[in-house]
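Scroll down for the structure; my scribbles are underneath it.
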Amino acid sequence: MKPHIRYRDNGFRLYPPPGLRGEAATAFLRFSQDYFRALAKRYGEEPRFRLDRSCLEVDLSRAPRTLRAVRCLAR
7 MKPHIRYRDN
17 GFRLYPPPGL
27 RGEAATAFLR
37 FSQDYFRALA
47 KRYGEEPRFR
57 LDRSCLEVDL
67 SRAPRTLRAV
77 RCLAR
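Sequence positions in the sequence shown follow this note's numbering and run 7 to 81.
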């Protein structure tokens, strides 16, 4: 049960694992938002988030070091 990540040039979209629905999926996306915010804070950068019902969209165009760290996590 892994989340699905679609990378773009300056960010990514994170979708919850297929087994999570409703409140569980929303809680997963909010936890992920807090995690990526803390990761960016470590580098002194500020990402932009857009939380939708089905995905978390993260714009890291102003946070290049955070984007690099996120891509390393996916390996």
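Ideal Cβ placement from N, Cα and C applies to all residues, glycine included.
Are the CB atoms of residue i and residue j nearer to each other than 8 Å?
i	j	result
residue 38	residue 20	yes
residue 51	residue 71	yes
residue 44	residue 69	no
When DSSP labels each residue in this structure, what does residue i get in the three-state scheme?
i	result
residue 25	coil
residue 43	helix
residue 59	coil
Could you give the first and the last residue of the continuous alpha helix (DSSP H) run that contains residue i?
i	result
residue 77	70-79
Counting only C-beta atoms, is residue i closer than 8 Å to chain B at any point?
i	result
residue 8	Checking the listed chains, one finds no chain B in this structure; it contains a single protein chain.
By the DSSP assignment, the beta strand (DSSP E) with residue i in it spans what residues?
i	result
residue 52	Residue 52 -> no beta strand (DSSP E), and no H or E assigned at all.
residue 62	62-65
Measure the beta-carbon distance from residue i to residue j and round it to whole angstroms, keeping in mind my assumption that it falls under 8 Å.
i	j	result
residue 64	residue 34	Actually they do not touch by this definition, with Cβ atoms about 14 Å apart.
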